[in-house]
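Here the structure is laid out as structure tokens; the discussion comes afterwards.
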Amino acid sequence: MGKIPVIAVFDIGKTNKKLFFFDETYKIVLERTAKFDETTDEDGDPCENLDFLTSWVKEVLGEVIKLEKFDIKGINFSAYGASFVHIDDEGKPLTPLYNYLKPFPDNLKENFYKEYGGELQVSTETASPVLGNLNSGMQLYRLKHQKPGLFSKIKYSLHLPQYLSFLITGKAYSDITSIGCHTNLWNFTSNNYHEWVEKEEIASKLAPLYPSDSAVEVDVENIKRFVGIGLHDSSAALIPFFTSFQEPFILLSTGTWCVTLNPFNSSPLTQEELKSDCLCYISYKGKPVKASRVFAGNEHEQQSKRIAEYFNKPEDFYKKVKYNSSTITKLQEKNDSAKLVLDSAELATSAFANRDMSSFSTIEEAYHQLVTDLVALQTESTQMVLNDEVKRIFVDGGFSKNEIFMQLLAAAFPGKEVFAASVAQATSLGAALSIHKHWNSRTLPSNIIELKFFSASQELIL
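Rendered as structure tokens:
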């Protein structure tokens, strides 16, 4: 029996680092997972341990490539955005992998927007809300002005997915899904880098743009293989849906961030939308994707820990909490007036952060309230980019498996069809599908997404 042809995909999240093998029908046939403790940068702020990550990618690829059972035809990468690796002439990283939540200096922010037309103008042109280091271009601006000596040593600044590809290919490229994602770098009107990128001599630090659906043929362990240049994770997660559905839809991709992606909304971002953390992504085909996002997965993690601590239960207690319509009705009848709030990073959070734990008689009641508040927050965010053309809402990621969340979301959008979309690792699958033509001789499959419909029950209208 011959070897199984596969593509290897590295999927690098903030918490979990994964490697998958997909066969030619896009079934997962091998998986490796790792977690690393964070380290700190020179300011003491937490950040990814780039040395560990680099070593793990090289070591695990070296291990699996020797497996006799598989023939690795292609390799690709997906990773979280807003993260640059700055390399020197020898390809060595010059700085830590700064955390996108690292505080951005107020004086630099003020100087930048004053110089280039003000927050509203820059945000509108770049489809990027003012987000400090989450606008990854601002990380380069900070290095240039605070550490000019170090800045001068940078050969290329690669977003994390492209750095991972560089580790294998030795070739430096930029990718539009990373460059176009709330970076402040890309002018969506002129469809090119923004003027400040040239004026600040940032453009010379950015590697040449390369098509997201192309691959580089390189020798890996003495065999020629097709290696993709990597994709931003949110854009990668859309690809299986583009492949499977032609009718207008939105994708609510849930994880640490819950991102509503609408590829069928081309209206310009308004001032109000920009202030509410709406933005534009760019698909792997180079088309704008209007999006909104909230930090709901992170809030769920923090607030469920608070609930667990109060009721003296394990942190994963919520996995056993079943949806209860009576509990929802009881909570709705309370008609609490707790409001959405902003945390120190000016990210919207739900009303639950201000709730008194003693007001809940059981852990189940507290958790139902948390999810109710999160869905209220999510509804506001999703409404920002929703339009009449869209009839279906697909939810993937962690919350798609949360029955309470899904039932409440369906109730919040009674005029839309709401589905939990079961996709085996949508982000990794998207990275594999993006270079299908290079490694896979079969036709694209049409059955890669399983859907579960959730109806809006009358008693649950929010």
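Per our numbering, residue 253 is the first one in the sequence shown, and the count goes up by one each step.
Cβ coordinates follow ideal geometry from the N, Cα and C atoms, glycine included.
Note that the structure is predicted; figures quoted are calculated from it, not measured.
Top-ranked residue by Cα proximity to residue i, from the options
i      : options                        : result
Val218 : Ile406, Ala663, Glu641, Leu703 : Residue 218 falls outside the range modelled here, since the chain spans only 253 to 714, and no answer is possible.
Glu524 : Ala334, Ser375, Thr631         : Ser375
Glu632 : Thr292, Cys510, Ser519         : Cys510
Ile656 : Val627, Phe665, Ser674, Cys299 : Val627
Thr691 : Ile645, Gly326, Asp608, Phe547 : Sequence inspection shows Trp at residue 691; the Thr mentioned does not correspond to that position. Among Ile645, Gly326, Asp608, Phe547, the Cα nearest to that of Trp691 belongs to Gly326.
Tyr415 : Tyr445, Tyr332, Glu469, Pro520 : Tyr332
Asn443 : Val468, Pro540, Tyr570         : Pro540
Glu276 : Ser693, Ile701, Asn699         : Ser693
Ile256 : Pro298, Asn268, Glu300, Ile324 : Ile324
Val472 : Val642, Gly314, Glu294, Tyr408 : Gly314
Ala664 : His397, Val623, Leu412         : Val623
Asp529 : Glu362, Thr614, Gln630         : Gln630
Gln373 : Leu526, Glu469, Glu561, Ser486 : Leu526
Thr306 : Val449, Phe288, Glu551         : Phe288
Lys571 : Asp625, Glu585, Lys653         : Lys653
Gln555 : Thr512, Asn359, Phe604, Leu599 : Phe604
Ile454 : Arg394, Leu696, Ser578, Arg607 : Arg394
Gly682 : Ile701, Glu669, Lys396         : Ile701
Leu302 : Glu320, Asn639, Val312, Tyr350 : Tyr350
Tyr445 : Asn514, Val470, Glu377         : Glu377
Asp640 : Glu669, Ser613, Asp625         : Glu669
His688 : Asn328, Asp485, Val546         : Asn328
Gln584 : Leu599, Val546, Asp568, Asp625 : Asp625
Leu531 : Lys586, Thr291, Asn363, Thr634 : Thr634
Asp485 : Val468, Arg607, Gly432         : Gly432
CB of residue i within 7 Å of CB of residue j, strictly
i      : j      : result
Phe706 : Ala676 : no
Thr429 : Gly389 : no
Pro492 : Ala672 : no
Ser330 : Ala543 : no
Tyr536 : Ser686 : yes
Ala334 : Trp308 : no
Ala379 : Leu483 : no
Phe322 : Val261 : no
Gln391 : Phe336 : yes
Phe418 : Leu410 : yes
Thr421 : Val479 : yes
Phe516 : Val642 : yes
Lys270 : Thr508 : no
Thr506 : Gly370 : no
Thr601 : Glu561 : no
Cys299 : Pro348 : yes
Ile339 : Lys407 : yes
Ser456 : Asp427 : no
Phe274 : Glu283 : no
Leu512 : Val637 : According to the sequence shown, residue 512 is Thr rather than Leu. Yes; because the gap between Cβ atoms is below 7 Å, this pair is in contact.
Lys565 : Ile615 : yes
Tyr352 : Leu386 : yes
Trp438 : Tyr368 : no
Thr581 : Glu617 : no
Ile481 : Tyr425 : yes
Terminal residues of the alpha helix (DSSP H) in which residue i lies
i      : result
Glu655 : 655–664
Thr435 : From DSSP, Thr435 is part of no alpha helix (DSSP H); its letter is neither H nor E.
Asn550 : 548–563
Lys396 : 388–398
Leu626 : 615–635
Ser610 : Per DSSP, Ser610 belongs to no alpha helix (DSSP H) and is neither H nor E.
Leu638 : It is not in any alpha helix (DSSP H) - Leu638 carries neither H nor E in the DSSP assignment.
Glu585 : 577–586
Beta-bridge pairing of residue i - partner residues as DSSP gives them
i      : result
Gly265 : Gly265 is not bridged to any residue.
Val541 : Tyr533
Pro298 : Thr292
Gly326 : Ile259, Phe478
Ser505 : Val511, Asp648
Ile280 : Phe274
His484 : Ala331
Thr522 : Beta-bridge pairing links Thr522 to no other residue.
Host beta strand (DSSP E) of residue i (start-end)
i      : result
Phe288 : Phe288 -> no beta strand (DSSP E), and no H or E assigned at all.
request  = Please list the segments of the alpha helix (DSSP H) lying wholly inside the region 664–709, counting only runs of 4 or more residues, in order along the chain.
outcome  = 678–686, 688–691
key: 4 or more residues per run - each alpha helix (DSSP H) lying fully within the region 334–380   = 358–367, 371–378
task = At 3 residues or longer, and completely inside the region 403–476: list those beta strand (DSSP E) runs for me, N to C.
result = 408–411, 467–472
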